[in-house]
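Peer 1: Pasting in a structure now, in structure tokens, and then I'll have a few things to ask.
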Amino acid sequence: MEKARRVFELIPYPRSGPFEPDWESLRNYRVPKWYADAKLGIFIHWGAYSVPAFGSEWYPRNMYVKGSPEYEFHLKNYGPHREFGYKDFVPMFTAEEWDPDSWARLFEKTGAKYVVLVAEHHDGFALWDCSYTRWCAARMGPRRDLVGELAEAVRDRGLVFGVSYHRAEHWFFFEPGTRIDSDVRDERYLDLYGPAMPASLNPRDPPGPNNIPPDDDFLTDWLLRAAELVEKYRPQVFYFDW
């Protein structure tokens, strides 16, 4: 009921905004002068996947792809996937030595004019104090609002703060884990690993048994998290990955 109420509250915003849901409206958009003049910005991927520090931010998916370098690395260093899964990196992601002010000073020194943090990657772990999941940095791992702290530090230096939001791909991200003996299949962790549905990585592919589109529950959750990021942190840049 709470989610339904929040969705209802959000309905007026698109209707009262400056854009219509068509390409002609978007073509009339004008890039802000500050962005055109900025030239250099910092874009940050950082999360529980930084703990193994192997491959890339797609480690959470690829570690469940049998035969992949990430799969073999994980098996060798952390053991069987059913015993040590991606969820087990979360308490290891402590950020105990992280100083957002030192980051902001460094970014300013480089000449960057804006900073964009990936607030949630496809792994489903939110770096802010998220109302819609227990799997967030404010409740697990660092137990800090990483988005809020960095936003404050960056703005104190006169830089523009933005967020990037990659949750759309969470719909299918952990699907490889359903095909092996892994913790992704453990119902206790469905709220992290998500639907884990089969889907094509090509957005132009038609729906089918191997390309199942997101359902209403997932899309509602996606919308509410995005709206919360806007309302809590007022980013001047909001990048959507898919």
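Residues 708 to 949 in the numbering used here are what the sequence shown spells out, letter by letter.
Think of the CB as a built atom: it goes at the ideal place given N, C-alpha and C, for glycine as much as any other residue.
1) Roughly how far, in whole angstroms, is the beta-carbon of Glu777 from the beta-carbon of Met770, given that I think they are within contact range, below 8 Å?
2) Look up Asn784 in the DSSP assignment and say whether it is helix, strand or coil.
3) Which word fits Gly724, buried or exposed, when buried means at least 16 other C-beta atoms lie within 10 angstroms of its C-beta?
4) On the DSSP bridge assignment, give the partners of Phe750 in chain order.
5) Counting Cβ pairs closer than 8 Å, one from the region 784–791 and one from the region 845–863, do we hit at least three?
6) Just to confirm, is the Cβ distance from Ala826 to Leu936 under 9 Å?
7) Using C-beta distances below 7 Å, list every residue in its chain close to Ser889, excluding the 5 sequence neighbours before and after it, in chain order.
8) Among Tyr766, Asp852, Tyr821, Ser775, whose alpha-carbon lies nearest the alpha-carbon of Asp806?
9) Compare the C-alpha of Leu824 against each of Asp928, Asp830, Trp835 and name the closest.
10) So, at 8 Å on beta carbons, what are the nonlocal neighbours of Asp922 in its own chain, with the 5 sequence-adjacent residues on each side left out?
11) Taking only the alpha-carbon atoms, compute the straight-line gap between Tyr946 and Arg768 and give it to the nearest angstrom.
12) To the nearest angstrom, how far is the alpha carbon of Arg722 from that of Asp912?
13) By DSSP, does Gly884 sit in helix, in strand, or in coil?
Peer 2: On the basis of the coordinates in this document:
1) Residue numbering aside, residue 777 sits at position 70 when the sequence shown is read from its first letter. Residue numbering aside, residue 770 sits at position 63 when the sequence shown is read from its first letter. Glu777 to Met770, Cβ: 5 Å. Contact.
2) As a first step, residue 784 must be located in the sequence shown, where it is residue number 77. Asn784 falls in the helix class under three-state DSSP.
3) Reading the sequence shown from its first residue, position 17 is the one you call residue 724. Gly724 comes out exposed.
4) To locate residue 750, count along the sequence shown from 1; it is residue 43. Bridge partners of Phe750: Val823.
5) no
6) By 1-based counting over the sequence shown, the position of residue 826 is 119. By 1-based counting over the sequence shown, the position of residue 936 is 229. Yes, these two residues count as a Cβ contact at 9 Å.
7) Numbered from 1 along the sequence shown, position 182 holds the residue referred to as residue 889. Tyr771, His788, Arg789, Gly792.
8) Taking the first residue of the sequence shown as position 1, residue 806 is located at position 99. Ranking Tyr766, Asp852, Tyr821, Ser775 by Cα distance to Asp806 puts Asp852 first.
9) By one-based count along the sequence shown, residue 824 stands at place 117. Ranking Asp928, Asp830, Trp835 by Cα distance to Leu824 puts Trp835 first.
10) Numbered from its first residue, the sequence shown carries residue 922 at position 215. The residues are Pro902.
11) Taking the sequence shown and counting its residues from 1, the one referred to as residue 946 is at position 239. Taking the sequence shown and counting its residues from 1, the one referred to as residue 768 is at position 61. In a straight line, the C-alpha of Tyr946 is about 22 Å away from that of Arg768.
12) The count along the sequence shown starts at 1 and reaches residue 722 at position 15. The count along the sequence shown starts at 1 and reaches residue 912 at position 205. If I take the Cα positions, the gap works out to 30 Å.
13) Counting from one through the sequence shown, the residue named residue 884 turns up at place 177. If DSSP states are grouped into helix, strand and coil, Gly884 belongs with the helices.
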